[in-house]
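Q:
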Amino acid sequence: MSRWAIWLPLGLFLAFFALFASGLLKPDDRVIASKMVGKPIPAFTLPAAASDRPALSSADLATGKPRLLNIFASWCVPCAAEAPQLMALKQAGAEIDAVAIRDARADVDQFLGRWGNPYARIGLDARSSLQIAMGSSGVPETFVIDGKGTIVHQHIGDIRAEDVPTILEKLKEAGR
Amino acid sequence: MIAEAGLAALWLAAALAFLQLGLVWFGLTTDKPELLASVRPVAVAQGVLTALSFALLVTLFLRSDMSVALVATNSHSAKPWLYKFAGTWGNHEGSMLLWVMVMGIAGMAVALFERALRRDTHMATLGAQAMISLGFYAFLLFSSNPFARVNPAPPDGQGLNPLLQDPGLAFHPPTLYLGYVGLSVAFSFAVGALLTRNVDAVFARAMRPWILAAWILLTLGITAGSYWAYYELGWGGWWFWDPVENASLMPWLAATALLHSVTVLATRDALRAWTIMLAVVAFSMSMVGTFLVRSGILTSVHAFAVDPERGTFILGLLALYIGGALALFGWRIGTVREGAQFELVSRETMLVVNNLLLSVILGLVLIGTLYPLMTEAFGHKVSVGPPYFDRIAGPVALALVIAMAAGPLTRWRKDQARAVAGRLLVPAIVLLLAFAVVSVLAWGRIGVLPFLGLVIAAGVAVGSVAPLWKRNLRRTPLFTYGMVIAHLGCAVSLAGMAADSAFTVEKLVAARPGGVIETAGWKVRFDAITPIAGDNWTALQGDMTASRGSGSPIDIHPQARFFTAPPTNTTEAALLTRWDGQLYVVLGQEADDGRWQVRIWWKPFVTLIWLGGMMIALGGTLSLLGRERRGWLQKLRRRSAVAAA
Chain E
1 MSRWAIWLPL GLFLAFFALF ASGLLKPDDR VIASKMVGKP IPAFTLPAAA SDRPALSSAD
61 LATGKPRLLN IFASWCVPCA AEAPQLMALK QAGAEIDAVA IRDARADVDQ FLGRWGNPYA
121 RIGLDARSSL QIAMGSSGVP ETFVIDGKGT IVHQHIGDIR AEDVPTILEK LKEAGR
Chain A
177 MIAEAGLAAL WLAAALAFLQ LGLVWFGLTT DKPELLASVR PVAVAQGVLT ALSFALLVTL
237 FLRSDMSVAL VATNSHSAKP WLYKFAGTWG NHEGSMLLWV MVMGIAGMAV ALFERALRRD
297 THMATLGAQA MISLGFYAFL LFSSNPFARV NPAPPDGQGL NPLLQDPGLA FHPPTLYLGY
357 VGLSVAFSFA VGALLTRNVD AVFARAMRPW ILAAWILLTL GITAGSYWAY YELGWGGWWF
417 WDPVENASLM PWLAATALLH SVTVLATRDA LRAWTIMLAV VAFSMSMVGT FLVRSGILTS
477 VHAFAVDPER GTFILGLLAL YIGGALALFG WRIGTVREGA QFELVSRETM LVVNNLLLSV
537 ILGLVLIGTL YPLMTEAFGH KVSVGPPYFD RIAGPVALAL VIAMAAGPLT RWRKDQARAV
597 AGRLLVPAIV LLLAFAVVSV LAWGRIGVLP FLGLVIAAGV AVGSVAPLWK RNLRRTPLFT
657 YGMVIAHLGC AVSLAGMAAD SAFTVEKLVA ARPGGVIETA GWKVRFDAIT PIAGDNWTAL
717 QGDMTASRGS GSPIDIHPQA RFFTAPPTNT TEAALLTRWD GQLYVVLGQE ADDGRWQVRI
777 WWKPFVTLIW LGGMMIALGG TLSLLGRERR GWLQKLRRRS AVAAA
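Residue numbers (my numbering), protein chains in the order written: chain E, 1 to 176; chain A, 177 to 821.
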């Protein structure tokens with residue numbers, strides 16, 4: 001073997017090392033936005049998921065005023081964790097509707113009784129069909145929808161306290 | 177107390193590794209042989225302590241001691257005992273402790289059983305093994321302590337990922353780890369050889385059984401993992417080119433190349449530098465795989481322990497060990513004498529071809545796996561899936577399989593091209609016959625790769641057993657049988673892969689209880705849906721009967737399971753194995769009108785894939801036994817000769 005070929009493996013490894021290090025150091029932005037962002041929400045009509053809130057249909061989301069659509073489930077632990085943030089969003093003036101995924105009315109009532117109810121309307125998506133149509137892959141997720149019923153932003157995962165300003169900002173943008 | 181004892185054992189083992197490294201270092205550099213005398217006992221004690229530490233963690237899991245954070249987050253008191261047991265390594269910390277234990281035990285085995293190696297090389301090898309272990313001890317103790325307590329203890333645990341709740345978990349990860357981490361021995365041998373400038377045929381013969389043992393276990397682990405994914409995920413596929421699967425395939429490819437090049441070194445004293453390089457690469461691939469899985473740098477279904485901080489730690493270990501070994505290689509390999517030369521037409525050349533093709537596949541898989549990372553560095557997000565790997569690595573793999581059949585039919589050192597062609601005549605005729613048969617049966621209806629796969633598998637199967645042609649079968653050494661069976665296993669596995677992708681029939685229907693689904697000659701009658709309950713899950717079970725032709729109907733029960741802790745849905749496919757394939761039935765969701773999604777696959781000869789994998793491992797085992805037995809016999813003969821004199 002020639003002199004340089006001997007050092008070739010080490011060189012290759014150093015290149016990989018640099019790649020790995022850059023991969024580790026870059027900020028984590030593994031969120032994959034739904035293809036639905038920028039598109040109108042699919043037409044749907046869902047039955048009511050809770051006893052004290054009306055049902056939800058696509059028409060309710062195109063009222064001229066931007067709204068949040070929260071996708072949650074009573075059996076989902078992160079959904080309970082994000083409940084205070086949803087309350088905070090509501091207090092900041094956001095109007096929030098929700099879709100409960102694969103849920104039962106008694107469970108939803110109990111969940112809302114325990115963690116608070118920031119929602120105006122709650123639809124029951126018993127077979128995740130709307131969830132799939134919305135391009136959402138899990139619970140919880142939160143969509144920002146403008147007054148014309150177009151999805152302008154998708155938040156994947158639970159809303160943390162630090163996410164609240166971003167979502168309010170998106171809501172404000174959607175209102176312009 | 178148990179947790180504290182486990183942690184103490186781990187600290188003690190780490191201290192012993194440090195001592196072992198020091199003893200070797202000063203023993204070899206200061207010419208104090210009395211220091212070296214205690215290296216082997218220390219290595220043995222270290223292995224015993226890691227095993228003790230691991231056994232104590234297993235005990236904690238079996239007792240469901242929820243005051244230990246790891247048990248609380250990964251186990252549940254209602255779990256069947258098998259999964260409490262196997263759950264020990266179904267998480268990051270536990271599996272790293274398994275890693276460290278395998279490394280400790282491998283070091284112990286090298287200390288106890290290695291007799292053929294020159295003493296200074298043996299000691300340097302044990303020093304290198306201790307050096308690698310130290311990094312992983314530090315990783316466990318400083319960033320992934322499996323014995324950490326949680327206060328106050330939760331009333332019960334969070335449970336194990338239900339996908340892992342399968343007997344496969346008890347077998348697949350430990351086997352894979354034994355292979356994965358067993359390759360560390362080859363790495364340490366290489367470092368030891370470089371440090372003591374001792375690379376020759378004797379060294380290769382000493383190193384070969386260790387490589388072979390790790391390679392057998394790796395083969396078994398991958399085969400088992402593939403079958404597990406096949407029946408547990410319910411997707412009907414057996415290999416997904418997922419980063420984690422690739423992470424186990426890459427060390428296997430390197431180890432397979434190493435296994436063949438070390439044979440050249442042992443038999444002909446050629447390919448010295450290349451063999452050392454491969455020994456370094458094989459375990460490096462194990463470490464890179466671990467890094468990829470645990471750093472979260474790539475997205476994968478297996479990413480159960482994603483944590484950038486841990487990633488940084490492992491990256492540091494990679495830099496230290498791989499970088500260090502490669503630097504040592506560059507610095508020292510020039511001082512290793514060049515090995516023996518060989519002619520162009522020779523077994524050596526065929527094995528070089530084998531090595532090059534394996535390395536090409538390894539490179540392609542590595543690039544495919546890391547490609548998303550590379551493009552992400554430039555701001556694009558892509559995902560690389562089966563189309564890339566199948567199309568790019570597939571043809572090279574087919575070429576490799578052909579070379580595999582031709583290699584054993586070529587003589588060592590020097591052969592005549594005409595003679596080799598003559599020996600390949602019969603396999604070539606079979607290949608042409610297979611071409612004719614497959615053309616008649618399926619021309620234009622199946623893809624090019626599956627077509628070639630079927631044809632080549634037939635020719636190569638015959639070529640693989642050709643080395644036994646005209647030999648006295650009773651006097652043929654066991655390791656020759658091993659090679660023949662392993663090579664035949666490759667052909668069998670290839671035939672299964674090709675048949676599966678060429679002839680699988682898939683049917684997705686919405687069926688009502690009482691209905692009959694017909695596909696690929698099978699009649700599946702859907703009788704009813706019954707709810708059933710297991711230890712920690714409930715399920716909706718489809719009661720179905722399947723029959724083919726005039727055969728009697730057989731009950732099958734696919735399930736849609738719901739696990740309570742943590743709440744997750746899984747599908748349990750129903751598998752019906754026949755000699756010519758498998759019927760694979762998955763129960764999906766209920767539609768609004770009372771019909772159920774039922775997905776049925778008929779997969780002709782799919783089981784050959786894993787049968788082939790097991791034959792490869794069996795061949796390796798026979799080869800290992802054959803070589804070792806020959807070693808024992810020689811030793812016995814020498815002893816009796818000494819006694820007679």
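Backbone N, C-alpha and C define an ideal beta-carbon position, used for all residues, glycine too.
Short of 9 Å Cβ to Cβ, which residues in the region 332-349 of chain A face chain E?
A: The residues in question: there are none.
Q: With distances taken Cα to Cα, identify the nearest neighbour of Trp-201/A among Leu-371/A, Phe-347/A, Val-577/A.
A: Position 25 of the second sequence, counted from the start, is the residue given in the question as residue 201/A. Taking only the C-alpha atoms, the option nearest Trp-201/A is Leu-371/A.
Q: Taking Cβ-Cβ distances shorter than 7 Å, what residues in chain E pair up with Ile-498/A?
A: As a first step, residue 498/A is located in the second sequence; it is residue number 322 there, counting from the start. Simply Phe-13.
Q: Whole beta strand (DSSP E) runs in the region 763-819 of chain A with 3 or more residues, listed along the chain?
A: Fully enclosed beta strand (DSSP E) runs of 3 or longer: 772-780.
Q: Going straight from the alpha carbon of Gln-592/A to that of Ala-582/A, what length do you get?
A: Position 416 of the second sequence, counted from the first residue, corresponds to residue 592/A. Position 406 of the second sequence, counted from the first residue, corresponds to residue 582/A. Between Gln-592/A and Ala-582/A, the C-alpha separation is close to 13 Å.
Q: Following the continuous beta strand (DSSP E) through Gly-333/A, name the residue where it begins and the one where it ends.
A: The residue you call residue 333/A lines up with position 157 of the second sequence. First-last for Gly-333/A: undefined, no H or E at that position.
Q: Give the list of continuous alpha helix (DSSP H) stretches no shorter than 4 residues that lie fully inside the region 392-464 of chain A.
A: Qualifying alpha helix (DSSP H) stretches, in chain order: 419-444.
Q: Just to confirm, is the Cβ distance from Thr-586/A to Ser-522/A under 8 Å?
A: Here residue 586/A refers to the residue found at position 410 of the second sequence. Here residue 522/A refers to the residue found at position 346 of the second sequence. Yes, Cβ-Cβ distance for Thr-586/A and Ser-522/A is below 8 Å.
Q: In three-state terms, what does DSSP make of Met-284/A?
A: Residue numbering aside, residue 284/A sits at position 108 when the second sequence is read from its first letter. Here Met-284/A sits in helix by DSSP.
Q: Within 10 angstroms of its Cβ, does Arg-651/A collect 16 or more other Cβ (buried), or is it exposed?
A: Within the second sequence, numbered from 1, the residue matching residue 651/A stands at position 475. Classification of Arg-651/A: exposed, given that the 10 Å Cβ count is below 16.
Q: Figure out for me which residue from Leu-425/A, Leu-396/A, Trp-619/A, Ala-671/A has the closest Cα to the Cα of Gly-635/A.
A: What you label residue 635/A is simply residue 459 of the second sequence in a count that begins at 1. Looking at the Cα atoms, Ala-671/A is the closest of the given residues.
Q: With a threshold of 8 Å between beta-carbons, can Ala-83/E be considered close to chain A, or not?
A: Taking the first sequence and counting its residues from 1, one reaches residue 83/E at position 83. By this cut-off, Ala-83/E is not an interface position.
Q: Show which residues of chain A have a CB atom less than 7 Å away from the CB atom of Trp-7/E.
A: Residue numbering aside, residue 7/E sits at position 7 when the first sequence is read from its first letter. Gly-506, listed in chain order.
Q: Quick check: the Cα distance between Phe-289/A and Thr-439/A, rounded to an integer number of angstroms?
A: As a first step, residue 289/A is located in the second sequence; it is residue number 113 there, counting from the start. As a first step, residue 439/A is located in the second sequence; it is residue number 263 there, counting from the start. Looking at the two C-alpha atoms, the distance is approximately 20 Å.
Q: For Met-720/A, count the other beta carbons within 10 Å of its own beta carbon; 16 or more makes it buried, fewer makes it exposed. Which is it?
A: Taking the second sequence and counting its residues from 1, the one referred to as residue 720/A is at position 544. Buried, since its Cβ has 16 or more Cβ neighbours within 10 Å.
Q: Run the CB neighbour count on Ala-642/A, radius 10 Å, all protein chains shown included, and call it buried at 16 or more, exposed below.
A: Along the second sequence, one-based indexing puts residue 642/A at 466. Answer is buried; the Cβ neighbour count reaches 16.
Q: Give the residues of chain E in contact with Ser-471/A, contact being defined as C-beta atoms less than 9 Å apart.
A: Locating residue 471/A in the second sequence gives position 295, counting from the first residue. Those within 9 Å of Ser-471/A in chain E are Phe-20, Gly-23, Leu-24.
Q: Given a cut-off of 8 Å on the beta-carbon distance, is the pair Phe-17/E and Ala-495/A in contact?
A: Sequence index remark: in the first sequence, residue 17/E carries index 17 (1-based). Sequence index remark: in the second sequence, residue 495/A carries index 319 (1-based). For Phe-17/E and Ala-495/A, yes; Cβs fall inside 8 Å.
Q: Examine the Cβ distances between the region 770-781 of chain A and the region 620-637 of chain A and report whether three or more of them are shorter than 8 Å.
A: Output reads no: the region 620-637 of chain A does not touch the region 770-781 of chain A.
Q: Run through chain E and tell me which residues come within less than 8 Å of Phe-467/A, C-beta to C-beta.
A: Residue numbering aside, residue 467/A sits at position 291 when the second sequence is read from its first letter. Near Phe-467/A (Cβ distances below 8 Å), the residues of chain E are Phe-20.
Q: Give me the chain E residues within the contact set of Leu-546/A, using Cβ-Cβ distance strictly less than 8 Å, ordered along the chain.
A: What you label residue 546/A is simply residue 370 of the second sequence in a count that begins at 1. Here the neighbours are Phe-16, Leu-19.
Q: Any beta-carbon of chain A closer than 8 Å to the one on Leu-10/E?
A: Working through the first sequence from its first residue, we reach residue 10/E at position 10. At least one chain A Cβ lies under 8 Å of Leu-10/E.
Q: In the DSSP assignment, what are the bridge partners of Arg-701/A?
A: For this step, residue 701/A is matched to residue 525 along the second sequence. In the DSSP output, where bridge partners are listed per residue, Arg-701/A has Val-692/A, Thr-721/A.
Q: Indicate whether at least one CB of chain E lies closer than 8 Å to the CB of Thr-488/A.
A: Here residue 488/A refers to the residue found at position 312 when the second sequence is read from its first residue. Yes - at least one Cβ of chain E is within 8 Å of the one on Thr-488/A.
Q: Output yes if chain A places a C-beta closer than 8 Å to the C-beta of Arg-160/E; else output no.
A: Here residue 160/E corresponds to residue number 160 of the first sequence, with the count starting at 1. Answer no: the Cβ-Cβ gap between Arg-160/E and chain A never drops below 8 Å.
Q: Identify the residues that DSSP records as bridge partners of Gln-735/A: which are they?
A: Counting from 1 along the second sequence, the entry for residue 735/A is found at position 559. Answer is Gln-717/A, Glu-748/A.
Q: Taking a contact to mean a Cβ-Cβ separation below 8 Å, would you say Arg-772/A touches Ala-687/A in this structure?
A: Within the second sequence, the letter at position 596 stands for residue 772/A. Within the second sequence, the letter at position 511 stands for residue 687/A. The sequence given here places Trp at residue 772/A; Arg does not occur at that position. Yes, these two residues count as a Cβ contact at 8 Å.
Q: Using 8 Å as the threshold, is the C-beta distance between Lys-255/A and Asn-712/A below it?
A: Position 79 of the second sequence holds residue 255/A. Position 536 of the second sequence holds residue 712/A. Cβ atoms of Lys-255/A and Asn-712/A: closer than 8 Å.
Q: If the cut is a Cβ gap below 9 Å, which residues of chain E does Leu-549/A touch?
A: For the purposes of this step, residue 549/A is identified with residue 373 of the second sequence, where counting begins at 1. Going along chain E in sequence order, the residues near Leu-549/A (Cβ under 9 Å) are Leu-19, Phe-20, Ser-22, Gly-23.
Q: Where does Glu-682/A sit, in a helix, a strand or coil, going by DSSP?
A: Here residue 682/A corresponds to residue number 506 of the second sequence, with the count starting at 1. Strand.
Q: Alpha carbon to alpha carbon, what distance is there between Ser-128/E and Asp-769/A?
A: The sequence position of residue 769/A within the second sequence is 593, counting from 1. The sequence position of residue 128/E within the first sequence is 128, counting from 1. Roughly 16 Å separates the two Cα atoms.
Q: Arg-545/A: buried (16+ other C-beta within 10 angstroms of its C-beta) or exposed?
A: As a position in the second sequence, residue 545/A is number 369, starting the count at 1. According to the sequence as given, residue 545/A is Thr; it is not Arg. That one is buried.
Q: Identify, in the order they occur along the chain, each residue of the same chain with its Cβ nearer than 6 Å to the Cβ of Ser-476/A, setting aside the five sequence neighbours on each side.
A: In the second sequence, the residue the question calls residue 476/A occupies position 300. Low confidence applies to Ser-476/A: its pLDDT is 48, below 50, so where it sits in the model is not reliable enough to give any reading.
Q: Distance cutoff 8 Å, beta carbons only. Does Leu-822/A sit that close to anything in chain E?
A: In the structure as shown, chain A starts at 177 and stops at 821, and residue 822/A therefore has no counterpart that could be examined.
Q: Please confirm if Leu-794/A has its CB atom under 8 Å from at least one CB of chain E.
A: Counted from its first residue, the second sequence places residue 794/A at position 618. No, because no Cβ of chain E sits closer than 8 Å to the Cβ of Leu-794/A.
Q: Under the three-state reduction of DSSP, which class applies to Phe-181/E: helix, strand or coil?
A: This structure cannot settle anything about residue 181/E, because the visible part of chain E is limited to 1 through 176.
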